[in-house]
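If you're matching positions, the sequence shown starts at 1 in full-length UniProt numbering and goes up one per residue.
Every residue, glycine too, gets a C-beta built ideally from N, C-alpha and C.
Being a predicted model, the structure only gives us computed values, none of them experimental.
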Amino acid sequence: MKNLPLDGHYIYKKTPWINWKELLYGFEHGFIDEKGVSEYACETLTEKSSQEAIELASLLPQEHYLASDLLQSLADKDLSPATDTTKPWIFLLLSFLLEHQEDYEDPLEIVEELYADFDYPEEITSLVRYMPAPEGVEGSEERLFENWKIALSAYKDFFEQQNRSI
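In structure tokens form, the structure reads like this:
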């Protein structure tokens, strides 16, 4: 997959509810780097933040190598209910790509790569050029971009049903 530069500020803006386990998944899969993890931790700090979260948020650039262990420790202690850790990342990557589509020569090609990278999730099949359009529906790039917006809206609805408002 092409590198989509998600940073901690963007992730917090779009998904302030993402938990440490989900953030670890994104880190382990290269969707966010050590600096981004530290930025996200910084955005989430409160008076009740754990020592690890404070340390993660306070990392200096030369200390970013510590981010992995701190994030792993936070994820291990995370008592959030089990979730599908891929959904927030599909949403984040598709949102970023749609918002910055002019920066990419062929954003639909990147969608196809995401589709494969996430093991062909049903909910984004309608965004993939090589998949047949439903019977009676004319296929076009405009339709794919419209489907893209619909899919993002469906993700938002899904997260709201889980009390994870965006």
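For residue i, the nearest candidate out of the options (CA to CA)
{"i": "L71", "options": "K87, Q51 and P61", "result": "Q51"}
{"i": "K149", "options": "Q162, A116 and V111", "result": "V111"}
{"i": "S58", "options": "K77, D117 and V37", "result": "V37"}
{"i": "E142", "options": "L6, S126 and T83", "result": "S126"}
{"i": "N163", "options": "L108, L24, P81 and Y25", "result": "P81"}
{"i": "L4", "options": "I54, D69 and D103", "result": "D103"}
{"i": "A154", "options": "Y130, A133 and E122", "result": "E122"}
{"i": "N19", "options": "K35, D78 and Q62", "result": "D78"}
{"i": "E109", "options": "Y130, D69 and D119", "result": "Y130"}
{"i": "Q161", "options": "T83, E99, C42 and Y120", "result": "T83"}
{"i": "K35", "options": "N147, P134 and P61", "result": "P61"}
Test item: CB-CB of residue i and residue j under 9 angstroms
{"i": "T44", "j": "P16", "result": "yes"}
{"i": "H9", "j": "D33", "result": "no"}
{"i": "L74", "j": "L66", "result": "no"}
{"i": "G30", "j": "L92", "result": "no"}
{"i": "E39", "j": "D7", "result": "yes"}
{"i": "K21", "j": "T85", "result": "yes"}
{"i": "P88", "j": "L97", "result": "no"}
{"i": "L114", "j": "A151", "result": "no"}
Cβ neighbour criterion (16 or more within 10 Å) applied to residue i
{"i": "S140", "result": "exposed"}
{"i": "E138", "result": "exposed"}
{"i": "I90", "result": "buried"}
{"i": "A116", "result": "exposed"}
{"i": "L23", "result": "buried"}
{"i": "I54", "result": "exposed"}
Next on the checklist: Quick check for students: name the residue ranges of the alpha helix (DSSP H) that lie wholly in the stretch 16-71, counting only runs of 4 or more.
Outcome noted: Annotation: the stretch 16-71 contains the following complete segments of the alpha helix (DSSP H) (minimum length 4 residues), in chain order: 20-28, 34-44 and 51-57.
Checklist entry - Mind pulling the beta strand (DSSP E) runs of 3 or more residues that sit fully within the stretch 79-143? => result With a minimum length of 3 residues, no continuous beta strand (DSSP E) run stays inside the stretch 79-143.
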